[in-house]
Structures are given as structure tokens and as C-alpha cells.
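Numbered according to this note's numbering, the sequence shown spans residues 14 to 108. Have a look at the structure below before the remarks.
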Amino acid sequence: KYPEFQKALIEGKVGELFMIARSPLLPTEDTFELVAASMQRFSDLGYHYVLTAAANQWTGAAFETIGGVRVHFAPYRAKKTVKDSGCMFYIIRLK
């Protein structure tokens, strides 16, 4: 369905950012800068896409801020609550 992504995957041009973590000791703006710098590094290495699984809302916000698209969401709770979180899967196109 997505031939450009399939081609990049076959060519090894799809990276995975395994974990985006945030520490209360690191200011939020610095953490977002680290995420942006990570995307730049993937781009410098020739990757066309980066995938990440977001297990919390902060990670989702970080990826959405830099242009990522949520392609999947599975809530942790069967009954939705106001602050419901879940596992989200994001993709960002670098090139």
C-alpha cells in the first residue's frame, strides 16, 4: 500500500528509535531538542523513515511536535478515562 516505505524498508533505510525517555532532572525543552537531534542523526546516516513505539503521552507529544504521524493506538484500559494512555506507534518521514 505504501511503496516508498516498502522500498526504504527493503533498502535498510528505516530506523527505529527504541526508547524516548524523559527525566524530571532534564528540562522538557532539552528533551525535545534531544529527540530532534536524534532525527537529524538518522537523516545524516541516510535513513528515510524512523519508527517508534510510544508507551506514554510524552513520547507521543515529542514525535508529533517534530512531524511524526500516529499510525496505531491501542488503549491500556477497556473503558476510556480522561487521562487514558496506551501504546502508540509513530512514523516520521525524514527525506
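The beta carbon of each residue, even a glycine, is placed where N, CA and C say it ideally should be. Predicted model only: the values in this text are computed from it and were never measured.
In the structure shown, Phe-86 falls within a strand segment according to DSSP collapsed to helix, strand and coil. Selection Ala-74, Ser-51, Thr-41 evaluated against Val-63 yields Ser-51 as nearest (Cα-Cα).
Beyond the five residues adjoining it in sequence on each side, Phe-45 comes within less than 7 Å, by CB distance, of Ala-75, Thr-78 in the same chain, given in chain order.
Close CB contacts of His-85 within its chain, under the 6 Å cut and outside five residues either way in sequence, are with Phe-102 (chain order). Cβ atoms of Gly-80 and Ile-105 come within 8 Å of each other, at about 6 Å. Nearest Cα to Gly-59 within the set Ala-21, Pro-16, Ala-66: Ala-21. Met-32 sits in coil when the DSSP states are folded into three classes, being neither helix nor strand.
The Cβ neighbour count for Leu-30, taken over all protein chains shown within 10 Å, is at least 16; the residue is labelled buried.
Residue burial annotation: Val-27 is buried, with at least 16 other C-beta atoms found within 10 angstroms of its C-beta.
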